[in-house]
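K.L.:
Sharing a structure below in structure tokens format, with a few things to ask.
Chains as they are written, first to last, in our numbering: chain X, 4 to 273; chain R, 11 to 305.
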């Protein structure tokens, strides 16, 4: 019994240390966003009252509104299209599966192995030939179909009751409306998980936007944050506020969908 | 005869509808993944600017062997891979094992806090760590307080590499932990109960039961981390800017630089990226082989 108590005590200590280390840099970001740069440098860790001033210098330095608008637009377009295209494909692969489709699926899974850096240059040349550099089309198109998402929906479709499909067919529903009106409402938690992952990836993506969006009008939030470090002296207050604003949308989504995220995502791995 | 024929055609119809459902996604993957991959391989055997391409055989690949910057970047990338991935996966496993304890209170809170770093973007957390480890940053303030010498983290190659590894471990441990945790929850807890009665201690349980039972999940996380580490970009660009000199620059960062920052050398960059592709494929194959043979 006592050894069990010891074990639990060690567990609590280790987990507490791990939790504090995980949260501390984020706390540092929060307190930094409300403090003057000079105080941050002096090691001040208590939230201050300099938030509005930091916000003012951030908005005068950078086009925050534009970057926010671009990031939201890109992430929303990518998320909606990804969910639609990958879920209908995953559904198709599972519900109508036959040898040909299974073979195609295993070929598609190979694409998971392809590192994006290897595709980046041909993709860039391809889009510049089409005159689509700086367009949201070029940003969105390579991102909306991923083998991972198709696989996630294919695995999840296994738990979708065949009876529902049969019954709907007997009622004379078309195949496409079975998907939209029966499947989507039932698979809410899978969509939740897929949405979290896709939105976060789309919002946080840095390499491809940096390659394909080269004018100032297309700036995204991660690019804006990366810009803040340039110059001779770094305004830490402003930098931390920028980091905070860039993190807020994904953090909110993460908190709202945390449960379905870990359930839906890890369910696909089994 | 009549109803059977109708049924056949219905099945055929369903089959065709099935294809229609999966064609948009498949087409996109072929056009934006497989086709560029083939293009990259072709590009790596050519030289020239823009449309004026001529066959050059393997000269881009022999050039890799003589490239000092490449060697430096390869060393850095391999170093991150060899040091960071095992530390992170082991940490994630231990944390998951500790959290998978029915008597534990605040389980949800611990899990959320440890997973929280995943909510930050790669650029954001690079910036946070850049500030924490800056010359006048928090870590140095702390070091001075406890009577130690402040360290010029980004001026010294090894210190800078150390910062990158710390940052990577911070960002990804919780992510991997969630995979292990859900894997552990699928393991019948009575197995652990039995082991405890037989007198197996925590460390024995960890190595003799948790690790073997979680093998498929460990394999998956290892492959994901391998591919992720070989493609490290955001951290190298934003946390250390590849410096001091090029001593923390990753391969992906180098490829980006020779494609889009310096005078574009697309053919050579393509050869380098094919190199990364081969590394990812070979390492994943090895990991799968090792994962299989332990059965």
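Cβ atoms here follow ideal geometry from the backbone N, Cα and C, with glycine treated the same way.
Taking Cβ positions only, does residue 95 of chain X come closer than 8 Å to chain R?
P.N.:
Chain R contact via Cβ: present.
K.L.:
Residues in the same chain with beta-carbon distance under 7 Å from residue 137 of chain X, minus the five sequence neighbours each way, listed in chain order, please.
P.N.:
Correct list, in chain order: 216, 217, 218 and 221.
K.L.:
To the nearest angstrom, report how far apart residue 112 of chain R and residue 24 of chain X are at their CA atoms.
P.N.:
About 24 Å.
K.L.:
Below 8 Å between beta carbons: does that hold for residue 129 of chain R and residue 187 of chain R?
P.N.:
For residue 129 of chain R and residue 187 of chain R, no; Cβs fall outside 8 Å.
K.L.:
Which residues in the same chain have their Cβ closer than 7 Å to the Cβ of residue 91 of chain X, if we skip the five residues on either side of it in sequence?
P.N.:
Counting only Cβ-Cβ distances below 7 Å, and skipping sequence neighbours, we find 182.
K.L.:
With a threshold of 8 Å between beta-carbons, can residue 123 of chain R be considered close to chain X, or not?
P.N.:
So, interface residue.
K.L.:
Beta-carbon separation of residue 38 of chain X and residue 139 of chain X under 8 Å?
P.N.:
No, they are not a contact pair.
K.L.:
Based on Cα-Cα distance, which residue from X/236, X/257 and X/107 lies nearest to residue 41 of chain X?
P.N.:
Of the candidates X/236, X/257 and X/107, the one whose C-alpha sits nearest the C-alpha of residue 41 of chain X is X/236.
K.L.:
Is there contact here, the stretch 77-86 of chain X with the stretch 142-157 of chain X, by at least three beta-carbon pairs under 8 Å?
P.N.:
Flag = yes, the stretch 77-86 of chain X and the stretch 142-157 of chain X touch.
K.L.:
Pick from R/265, R/134 and R/297: whose alpha carbon is nearest that of residue 248 of chain R?
P.N.:
Looking at the Cα atoms, R/134 is the closest of the given residues.
K.L.:
With 8 Å set as the bound, which would you pick, yes or no: does the beta-carbon of residue 140 of chain R sit closer than that to a beta-carbon of chain X?
P.N.:
Yes, contact with chain X.
K.L.:
Does chain X have any CB closer than 8 Å to the CB of residue 241 of chain R?
P.N.:
Judged by the 8 Å Cβ criterion, residue 241 of chain R is in contact with chain X.
K.L.:
With DSSP as the reference, identify every bridge partner of residue 22 of chain X, one or two as the case may be.
P.N.:
DSSP output for residue 22 of chain X lists no bridge partner at all.
K.L.:
Using the beta-carbon count (16 or more within 10 Å), is residue 144 of chain X buried or exposed?
P.N.:
Buried is the call here.
K.L.:
Looking only at DSSP bridge pairs, what is residue 59 of chain R linked to?
P.N.:
In the DSSP output, where bridge partners are listed per residue, residue 59 of chain R has R/62.
K.L.:
Out of R/105, R/293, R/148 and R/299, state which residue places its alpha-carbon closest to the alpha-carbon of residue 160 of chain R.
P.N.:
Among R/105, R/293, R/148 and R/299, the Cα nearest to that of residue 160 of chain R belongs to R/148.
K.L.:
Between which residues of its own chain and residue 130 of chain X is the CB-CB distance below 7 Å, once the five residues before and five after are set aside?
P.N.:
Closer than 7 Å at the Cβ level, and outside the excluded window around residue 130 of chain X, lie 136, 141 and 215.
K.L.:
Does the pairing of the stretch 12-21 of chain X with the stretch 103-122 of chain R give three or more beta-carbon distances under 8 Å?
P.N.:
Yes: at least three Cβ pairs fall under 8 Å.
K.L.:
If the criterion is Cβ atoms closer than 8 Å, does the pair residue 46 of chain X and residue 151 of chain R meet it?
P.N.:
Yes. Within cutoff.
K.L.:
Going by DSSP in three states, residue 4 of chain X sits in which element: helix, strand or coil?
P.N.:
For residue 4 of chain X, the predicted model reports a pLDDT of 48, less than 50, meaning its position is unreliable; a value from the coordinates is still stated below. In the structure shown, residue 4 of chain X sits in coil (DSSP, three-state: anything other than H, G, I, E or B).
K.L.:
If you measure from the beta carbon of residue 46 of chain X to each beta carbon in chain R, is any gap under 8 Å?
P.N.:
Residue 46 of chain X counts as touching chain R.
K.L.:
In chain R, what lies closer than 7 Å to residue 89 of chain X by C-beta?
P.N.:
Near residue 89 of chain X (Cβ distances below 7 Å), the residues of chain R are 35.
K.L.:
Using a Cβ-Cβ cutoff of less than 7 Å, which residues in the same chain neighbour residue 193 of chain R once the five nearest sequence positions on both sides are dropped?
P.N.:
So the qualifying residues of the chain are 224 and 227.
K.L.:
Give me the Cα-Cα distance between residue 87 of chain R and residue 220 of chain R, rounded to the nearest whole angstrom.
P.N.:
Each residue's Cα considered, the two are about 30 Å apart.
K.L.:
Going along chain X, which residues have a C-beta under 7 Å from residue 286 of chain R?
P.N.:
Result: 118, 120 and 121.
K.L.:
My guess is that residue 198 of chain X and residue 260 of chain X are in contact by the Cβ rule of under 8 Å, so how many angstroms apart are they, rounded?
P.N.:
At roughly 7 Å, the Cβ-Cβ gap stays under 8 Å, so residue 198 of chain X and residue 260 of chain X are in contact.
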